[in-house]
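The listed protein sequences correspond, in order, to chains A, B and C. So the first sequence is numbered by the numbering used here: it starts at 4 and just counts up by one. So the second sequence is numbered by the numbering used here: it starts at 3 and just counts up by one. So the third sequence is numbered by the numbering used here: it starts at 10 and just counts up by one. The beta carbon of each residue, even a glycine, is placed where N, CA and C say it ideally should be. Quick notes on the structure that follows.
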Amino acid sequence: MLEVTDLVVRYGPVQAVSDMRLTATPGQITLVLGANGAGKTTTLRTICGLQRAVSGSVTLNGQNILGLSPSRIVRLGVAMVPEGRRVFAPLTVEDNLRLGGYTASRQDNDRTMAEVYEMFPILHERRSGVSGLLSGGEQQMLAFGRALMSQAETILMDEPSMGLAPAIVDSVLESARGIADSGKAVLMVEQNAEAGLEIANDVVVVSRGEVVYQGSAEGARKNPELVRAFLGDAALTDD
Amino acid sequence: MVQDLLNATTLASIYVLFALGMSLVWGTIGILNFAHGSIFMFSAFIAYLVVQQIPLGMPAVIAIAMVSGALIAVAMQYLVFQPIMKKAKNPHAGELQLVIGGIGLSAIPISFAQRSTLSNPFGFSAGTFETQAYTIGGVIITNVMIIILIVGLGLGVGTALWIRNSKKGLALRALGVDPEVSAMMGIDRPKLALATMLYSGALAGLAGALLTYYFNSITSESGDTLLLKAFAIIILGGVGSIFGVILGSFILAFAEFAVLLYTNGSWVTAVSFGLLFLILLIRPQGILGKKEVRRT
Amino acid sequence: MYRSKKHRLGVAAVGLSAVLTLAACSSGDSEDTAATAEATEEVVVEESATEDTTQEEAEAAEETCVLPPGDIKVVSIDSMTGPAAFAGILAEKGADLALKEINASGVLGDGVTMSIELLDDATSPDEAAAQFSKAAKDPDVPVIMGGVISSGAVVTSPIAEKEKVAVVYTQAGSPGVVIGDYTFRYTPPMDSYWGGVGSYIEEKGIKTMSVLYANDNPTLIATAETALPALAADLGFEILSSTGLPNSTQDFKAPISKILKEDPDAVAVLMVGAQNATVVSQMRESGWEAPKELLGFAGIENNFADIGEAAKGVTWASIFHVDSPAQSTQAFVDAVAAEYDGEEASNYTAERYDATYLVANSILAACSTDRQAVRDAMADLTNGSITGALGDVTFENQDARVAGFVVQWDGEKMVVLK
Ligand SMILES: Nc1ncnc2c1ncn2[C@@H]1O[C@H](COP(=O)(O)OP(=O)(O)OP(=O)(O)O)[C@@H](O)[C@H]1O
Ligand SMILES: [Mg+2]
Numbered sequence: 004m005l006e007v008t009d010l011v012v013r014y015g016p017v018q019a020v021s022d023m024r025l026t027a028t029p030g031q032i033t034l035v036l037g038a039n040g041a042g043k044t045t046t047l048r049t050i051c052g053l054q055r056a057v058s059g060s061v062t063l064n065g066q067n068i069l070g071l072s073p074s075r076i077v078r079l080g081v082a083m084v085p086e087g088r089r090v091f092a093p094l095t096v097e098d099n100l101r102l103g104g105y106t107a108s109r110q111d112n113d114r115t116m117a118e119v120y121e122m123f124p125i126l127h128e129r130r131s132g133v134s135g136l137l138s139g140g141e142q143q144m145l146a147f148g149r150a151l152m153s154q155a156e157t158i159l160m161d162e163p164s165m166g167l168a169p170a171i172v173d174s175v176l177e178s179a180r181g182i183a184d185s186g187k188a189v190l191m192v193e194q195n196a197e198a199g200l201e202i203a204n205d206v207v208v209v210s211r212g213e214v215v216y217q218g219s220a221e222g223a224r225k226n227p228e229l230v231r232a233f234l235g236d237a238a239l240t241d242d
Numbered sequence: 003m004v005q006d007l008l009n010a011t012t013l014a015s016i017y018v019l020f021a022l023g024m025s026l027v028w029g030t031i032g033i034l035n036f037a038h039g040s041i042f043m044f045s046a047f048i049a050y051l052v053v054q055q056i057p058l059g060m061p062a063v064i065a066i067a068m069v070s071g072a073l074i075a076v077a078m079q080y081l082v083f084q085p086i087m088k089k090a091k092n093p094h095a096g097e098l099q100l101v102i103g104g105i106g107l108s109a110i111p112i113s114f115a116q117r118s119t120l121s122n123p124f125g126f127s128a129g130t131f132e133t134q135a136y137t138i139g140g141v142i143i144t145n146v147m148i149i150i151l152i153v154g155l156g157l158g159v160g161t162a163l164w165i166r167n168s169k170k171g172l173a174l175r176a177l178g179v180d181p182e183v184s185a186m187m188g189i190d191r192p193k194l195a196l197a198t199m200l201y202s203g204a205l206a207g208l209a210g211a212l213l214t215y216y217f218n219s220i221t222s223e224s225g226d227t228l229l230l231k232a233f234a235i236i237i238l239g240g241v242g243s244i245f246g247v248i249l250g251s252f253i254l255a256f257a258e259f260a261v262l263l264y265t266n267g268s269w270v271t272a273v274s275f276g277l278l279f280l281i282l283l284i285r286p287q288g289i290l291g292k293k294e295v296r297r298t
Numbered sequence: 010m011y012r013s014k015k016h017r018l019g020v021a022a023v024g025l026s027a028v029l030t031l032a033a034c035s036s037g038d039s040e041d042t043a044a045t046a047e048a049t050e051e052v053v054v055e056e057s058a059t060e061d062t063t064q065e066e067a068e069a070a071e072e073t074c075v076l077p078p079g080d081i082k083v084v085s086i087d088s089m090t091g092p093a094a095f096a097g098i099l100a101e102k103g104a105d106l107a108l109k110e111i112n113a114s115g116v117l118g119d120g121v122t123m124s125i126e127l128l129d130d131a132t133s134p135d136e137a138a139a140q141f142s143k144a145a146k147d148p149d150v151p152v153i154m155g156g157v158i159s160s161g162a163v164v165t166s167p168i169a170e171k172e173k174v175a176v177v178y179t180q181a182g183s184p185g186v187v188i189g190d191y192t193f194r195y196t197p198p199m200d201s202y203w204g205g206v207g208s209y210i211e212e213k214g215i216k217t218m219s220v221l222y223a224n225d226n227p228t229l230i231a232t233a234e235t236a237l238p239a240l241a242a243d244l245g246f247e248i249l250s251s252t253g254l255p256n257s258t259q260d261f262k263a264p265i266s267k268i269l270k271e272d273p274d275a276v277a278v279l280m281v282g283a284q285n286a287t288v289v290s291q292m293r294e295s296g297w298e299a300p301k302e303l304l305g306f307a308g309i310e311n312n313f314a315d316i317g318e319a320a321k322g323v324t325w326a327s328i329f330h331v332d333s334p335a336q337s338t339q340a341f342v343d344a345v346a347a348e349y350d351g352e353e354a355s356n357y358t359a360e361r362y363d364a365t366y367l368v369a370n371s372i373l374a375a376c377s378t379d380r381q382a383v384r385d386a387m388a389d390l391t392n393g394s395i396t397g398a399l400g401d402v403t404f405e406n407q408d409a410r411v412a413g414f415v416v417q418w419d420g421e422k423m424v425v426l427k
């Protein structure tokens with residue numbers, strides 16, 4: 004289980020994240036909603052060691068991971084599907100997956116690669132092709148697969164539906180659900196609240212770096228006005 | 003004719019030896035190291051200073067130059083490049099600072115050697131190695147040429163295959179594409195960068211020693227001359243492609259050779275750099291370079 | 010120590026004599042002249058110096074020629090760092106030695122000394138121009154001694170002419186350096202004496218020649234493109250090819266392959282720095298041996314340390330050699346050895362040593378530190394022949410000329426053939 008408490012992150016004078024509280028639990032998807040610039044990406048980047056925090060704590064199964072290097076954090080079991088997918092465009096699909104498994108053993112790599120290919124047959128078909136030429140949806144699948152290759156138990160996903168056609172959004176989010184169902188803890192940032200709530204277990208709404216609402220996804224689905232109010236409020240104050 | 007081809011191939015191998023390390027460092031950890039030429043020169047210079055005191059054979063001289071080159075490169079990485087990369091606000095500002103840092107760094111060993119040699123050429127004549135020429139079917143080949151051909155082409159192809167097929171090679175290629183995501187994959191950039199600089203420095207030292215044997219002497223400025231050519235070679239072959247370095251080296255060496263054989267010389271720079279322009283017009287990413295494929 | 014000093018004064022007399030008589034006229038200080046009296050007969054420039062001086066000046070000189078006590082500061086711009094530093098450092102040794110002798114002799118007058126403010130151009134034309142402009146704009150600088158690089162001198166010469174301050178260069182052997190009344194050069198340009206090797210060419214019966222030269226070095230270009238063809242026409246040999254190569258050339262196998270096909274009797278090697286060593290050794294590796302000849306140029310010996318035996322037999326004309334029979338040269342060689350721990354004198358040191366004396370003598374002859382007066386005195390002095398470290402030197406339009414020797418590399422050092 005991943006726990007974020009009282010996290011504060013600053014870019015110079017800009018306070019991007021203040022008092023962030025989050026948890027990610029195995030088998031569950033925690034959905035993080037919030038307006039542009041609310042500090043969602045910053046939070047995820049801080050968790051996986053790409054960004055320094057001012058204060059607060061991030062623990063993985065009780066062990067502090069805040070302040071460790073990204074390469075250390077992956078080895079402890081937190082992998083990231085970054086915003087904009089960021090596949091290694093000039094490299095082949097298979098090389099991207101091998102890089103995902105950089106910290107894993109050979110056996111784990113072979114096994115997981117087979118699983119990934121089974122989950123996303125298109126990646127198997129295109130395995131020796133240059134990954135930059137994949138479609139947006141395919142690249143997202145590759146980014147998922149790459150994160151899975153690391154054998155991490157906790158997977159951070161930053162806006163997996165970004166820039167995808169509506170028809171594909173559903174299938175991508177379905178895959179995310181599948182990943183959680185296989186036992187991983189998923190922390191997912193989404194702009195698409197409606198589609199995100201369909202597959203999430205818990206929801207957290209952030210505004211200007213702070214958590215303004217926290218509850219079950221089911222509750223939010225039943226009472227969409229509630230979330231919308233917080234989101235709208237966030238959007239308003241952001242102006 | 004066979005003689006000319008052999009000589010041009012030797013020149014190409016020399017270019018490979020020099021450009022290999024520079025290309026590797028640029029294409030993977032993103033440092034366009036303008037101090038590569040001075041590492042090359044200064045490693046040979048240190049070997050020269052040692053040979054002046056103790057008459058050594060070729061293997062010892064090469065070993066001294068390689069160790070010197072590796073140490074200088076690692077020191078540069080540790081003391082200058084790494085701090086610059088850490089502090090850089092964005093990768094582009096960082097790139098420029100690295101180039102300027104490299105240019106600044108290169109001045110130190112060069113002026114030291116200039117002062118110490120009064121800018122006169124230096125070589126390993128105090129050592130025990132003797133160049134031997136053999137004539138085989140009318141073609142003259144020296145023992146130094148044989149070594150350069152084997153080592154240059156061997157290391158060129160070997161490194162290219164290693165980068166293409168090994169796990170660490172893959173990690174290096176990933177670093178060249180996206181250092182941040184590479185870090186997310188668990189690739190330890192600082193460690194790998196240091197190792198790459200070490201290898202590149204050792205290669206520069208090796209090139210320094212072998213070139214000094216081949217040309218009989220070099221000067222404090224020899225590294226800068228090669229630096230410009232290596233820059234052209236890397237662009238020609240495609241940044242990040244080690245096979246590109248080999249190809250670029252052959253193209254430049256053979257172009258230079260042809261110009262010098264068939265004209266009265268003055269055109270040699272114009273032709274080789276004209277060639278560079280031409281290729282960049284047709285293929286901006288270099289002959290073997292991969293086009294940037296990126297979606298946002 | 011004392012002995013060598015005395016010895017040096019003998020040399021100093023060669024240069025200083027013209028001035029000493031002037032100084033003697035006014036001050037009547039017999040002690041000053043006594044030390045060097047023996048040399049006054051050698052003076053060649055004395056007459057012309059007095060002849061050309063205008064009436065008023067001559068009178069002024071005779072009545073009031075006492076330089077005001079103090080230090081006369083001359084500026085020297087030289088390459089003390091960068092690729093030409095080897096020449097700059099050696100040149101400054103010559104200036105220092107001459108200065109030490111001049112000040113020790115007291116010839117400038119009671120309480121008058123001369124010193125040099127040394128500025129480093131770092132072997133960069135831009136830097137040379139900047140330093141030179143600053144010095145030329147300072148009216149307290151009576152005369153400037155110029156640096157060794159041609160690319161710097163061609164930029165600084167127009168400044169000297171414009172600011173009307175005399176400059177004496179050493180080295181800087183390209184065209185465009187001595188361009189008017191204010192520019193002097195104490196090193197003969199190479200193309201004026203390269204042909205000194207002509208007797209050797211005739212003796213060896215050389216009928217065909219191929220030339221390799223640095224096409225970005227003005228001195229070597231002038232030699233290859235002007236002096237050599239003229240010599241060929243003169244002596245009746247044929248130049249089969251002339252290949253100009255940039256300084257980025259490190260491997261010479263291609264031009265050598267071309268030359269081997271031409272099969273000339275001799276190859277003239279006019280490259281820069283390590284290039285010369287590489288050309289010569291690669292020629293040897295390709296089987297170029299006697300009776301085939303290799304011709305070099307003055308200064309090429311600095312590149313032969315590492316190829317030693319391979320360079321044996323390379324022949325060229327030089328303006329300076331420690332074994333020169335000229336008495337004045339031998340005195341200078343001894344003085345350098347005494348001053349610098351037994352160091353062997355070089356041409357760079359010799360030229361600047363002589364040039365420094367020319368500067369001191371011009372100031373004394375002018376009896377003034379006024380720029381125009383110093384330049385006029387210098388023009389007069391260089392009208393005749395001057396004997397010094399370089400032996401007998403004459404001037405053609407303020408540009409030095411010497412006969413030169415034929416020298417050859419014997420595998421370890423250069424030796425005089427003629
Ligand atoms: N590298 C940076 N330097 C300075 N400020 C930054 C930087 N990255 C983000 N910010 C600022 O921090 C705040 C939070 O940004 P962040 O990217 O975390 O938002 P987000 O919630 O992910 O937004 P979006 O939904 O648009 O992706 C914003 O005000 C942003 O301008
Ligand atoms: Mg974001």
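For the beta strand (DSSP E) holding LYS82 of chain C, just list the boundary residues, first then last.
Indexing the third sequence from 1 puts residue 82 of chain C at position 73. Where LYS82 of chain C is concerned, the enclosing beta strand (DSSP E) stretches over 79–87.
Inter-residue Cα distance where the pair is GLU421 of chain C and ALA319 of chain C:
The residue given as residue 421 of chain C occupies position 412 in the third sequence. The residue given as residue 319 of chain C occupies position 310 in the third sequence. When only Cα atoms are considered, GLU421 of chain C and ALA319 of chain C end up about 10 Å apart.
Using 10 angstroms around the beta-carbon of ASP243 of chain C, count the other beta-carbons present and answer buried if the total reaches 16, otherwise exposed.
Against the third sequence, residue 243 of chain C aligns to sequence position 234. Residue environment for ASP243 of chain C: exposed (fewer than 16 other C-beta atoms within 10 angstroms of its C-beta).
Just list the residues that DSSP pairs ALA82 of chain A with in beta bridges.
As a first step, residue 82 of chain A is located in the first sequence; it is residue number 79 there, counting from the start. In the DSSP secondary-structure assignment, ALA82 of chain A is bridged to A:ILE158.
To the nearest angstrom, how far is it from the Cα of PHE306 of chain C to the Cα of HIS330 of chain C?
For the purposes of this step, residue 306 of chain C is taken as the residue at position 297 of the third sequence. For the purposes of this step, residue 330 of chain C is taken as the residue at position 321 of the third sequence. Their backbone Cα atoms lie some 13 Å apart in a straight line.
Can you check which of these residues, B:GLN287, B:TYR216, B:PHE36 and B:ILE235, is closest to ILE109 of chain B by C-alpha distance?
Residue 109 of chain B sits at position 107 when you count from the first residue of the second sequence. The residue you asked about is not Ile; residue 109 of chain B is Ala in the sequence shown. Out of B:GLN287, B:TYR216, B:PHE36 and B:ILE235, B:PHE36 has the C-alpha closest to the C-alpha of ALA109 of chain B.
Take VAL76 of chain B and list the residues in its own chain whose beta-carbon comes closer than 8 Å to its own, dropping the five residues that flank it on each side.
For this step, residue 76 of chain B is matched to residue 74 along the second sequence. Only LEU196, MET199, LEU200 and GLY203 meet the Cβ criterion.
Is there a Cβ of chain C sitting closer than 9 Å to that of ASN122 of chain B, yes or no?
By 1-based counting over the second sequence, the position of residue 122 of chain B is 120. Taking Cβ atoms only, chain C reaches closer than 9 Å to ASN122 of chain B, which makes this a yes.
When Cβ atoms are compared, which residues of the region 266–294 of chain B fall closer than 7 Å to chain D?
You won't find chain D in this structure, because its protein chains are A, B and C.
Residue of B:GLY225, B:GLN287, B:ALA176 and B:LEU7 minimising C-alpha distance to LEU102 of chain A:
Counted from its first residue, the first sequence places residue 102 of chain A at position 99. Measuring from the Cα of LEU102 of chain A, the nearest candidate turns out to be B:ALA176.
Other residues of its chain near GLY182 of chain C: CB distance less than 7 Å, five sequence neighbours each side excluded
For the purposes of this step, residue 182 of chain C is taken as residue 173 along the third sequence, with counting starting at 1. Once the five neighbours on either side are set aside, the close Cβ partners of GLY182 of chain C are SER159, THR196, PRO198, MET199 and THR228.
Per-residue burial, ALA412 of chain C [other beta carbons within 10 Å of its own, 16 or more giving buried]:
Here the question's residue 412 of chain C lines up with position 403 in the third sequence. Within a 10 Å sphere around the beta-carbon of ALA412 of chain C sit fewer than 16 other beta-carbons, which makes this residue exposed.
Can you tell me where the beta strand (DSSP E) holding GLY400 of chain C begins and where it ends?
Stepping through the third sequence from its first residue, residue 400 of chain C is reached at position 391. Its beta strand (DSSP E) spans residues 400–405.
CB contact check: GLY125 of chain B to chain C, cutoff 9 Å
Translated into the one-based positions of the second sequence, residue 125 of chain B becomes position 123. GLY125 of chain B has a beta carbon lying within less than 9 Å of a beta carbon in chain C.
Taking only beta-carbon atoms, is ARG129 of chain A less than 9 Å away from chain B?
Working through the first sequence from its first residue, we reach residue 129 of chain A at position 126. Interface flag for ARG129 of chain A against chain B is unset, since no Cβ pair is found closer than 9 Å.
Do the region 204–218 of chain C and the region 308–327 of chain C make contact, defined as three or more Cβ pairs closer than 8 Å?
They touch, by the three-pair rule.
Inside the region 130–154 of chain B only - beta strand (DSSP E) runs reaching at least 3 residues:
Fully enclosed beta strand (DSSP E) runs of 3 or longer: 135–138 and 141–144.
Which residues DSSP lists as bridging PHE313 of chain C, in chain order:
The sequence position of residue 313 of chain C within the third sequence is 304, counting from 1. Partner(s): none; PHE313 of chain C has no beta bridge.
Based on the DSSP output, what are the partners of GLU302 of chain C in its beta bridges?
Residue mapping note: residue 302 of chain C aligns to position 293 of the third sequence, counting from 1. In the DSSP output, where bridge partners are listed per residue, GLU302 of chain C has C:ALA275.
Positions along the region 175–196 of chain B whose CB lies within less than 7 Å of some CB in chain A:
Residues of the region 175–196 of chain B with a Cβ closer than 7 Å to any Cβ of chain A, in chain order: ARG175, ALA176, VAL179, ASP180, GLU182, VAL183, ALA185, MET186, MET187, GLY188, ILE189 and ASP190.
Residue interval of the beta strand (DSSP E) (run including VAL61 of chain A)
Here residue 61 of chain A refers to the residue found at position 58 of the first sequence. Element bounds for VAL61 of chain A: 58–63.
Report yes or no: is there a C-beta of chain A within less than 9 Å of the C-beta of LEU263 of chain B?
For the purposes of this step, residue 263 of chain B is taken as residue 261 along the second sequence, with counting starting at 1. False, the Cβ-Cβ gap to chain A never drops below 9 Å.
Quick check: the Cα distance between ALA335 of chain C and GLY400 of chain C, rounded to an integer number of angstroms?
Taking the first residue of the third sequence as 1, we reach residue 335 of chain C at position 326. Taking the first residue of the third sequence as 1, we reach residue 400 of chain C at position 391. Distance between the alpha carbons of ALA335 of chain C and GLY400 of chain C is about 6 Å.
Distance cut 7 Å, beta-carbon to ligand 2 heavy atom: residue list by chain order
Selection output, chain order preserved: A:LYS43, A:THR44, A:GLU86, A:ASP161, A:GLU162 and A:VAL192.
Under a Cβ-count criterion, where at least 16 other Cβ atoms within 10 Å of its own Cβ denotes burial, should GLU40 of chain C be classed as buried or exposed?
Within the third sequence, residue 40 of chain C is the residue found at index 31, counting from 1. Because the pLDDT at GLU40 of chain C is just 38, under 50, the model does not fix this residue reliably, and the value given afterwards should be weighed accordingly. Note on GLU40 of chain C: under 16 other CB atoms within 10 angstroms of its CB, so exposed under the neighbour-count rule.
According to DSSP, which residues form a beta bridge with THR252 of chain C?
The residue you call residue 252 of chain C lines up with position 243 of the third sequence. Beta-bridge pairing links THR252 of chain C to C:LEU221.
Between PHE123 of chain A and chain B, is the shortest Cβ-Cβ distance under 9 Å, so that the two count as touching?
Taking the first residue of the first sequence as 1, we reach residue 123 of chain A at position 120. Chain B contact via Cβ: absent.
Return the Cβ separation of GLU294 of chain C and TRP418 of chain C in integer angstroms, given the expectation that the two are a contact with Cβ distance under 8 Å.
As a first step, residue 294 of chain C is located in the third sequence; it is residue number 285 there, counting from the start. As a first step, residue 418 of chain C is located in the third sequence; it is residue number 409 there, counting from the start. GLU294 of chain C to TRP418 of chain C, Cβ: 17 Å. No contact.
Are the region 217–237 of chain B and the region 84–100 of chain B touching by the rule of at least three beta carbon pairs closer than 8 Å?
Segment contact: the region 217–237 of chain B against the region 84–100 of chain B, fewer than three CB-CB distances shorter than 8 Å; contact not assigned.
Classification of VAL54 of chain C by the beta-carbon crowding that lies within 10 angstroms, buried from 16 upward
Locating residue 54 of chain C in the third sequence gives position 45, counting from the first residue. Because VAL54 of chain C sits at a pLDDT of 37, beneath the cut-off of 50, its placement in the model cannot be relied upon, and the following sentence gives the value as read from the coordinates. With 16 or more other CB atoms across the displayed protein chains lying within 10 angstroms of its CB, VAL54 of chain C is buried.
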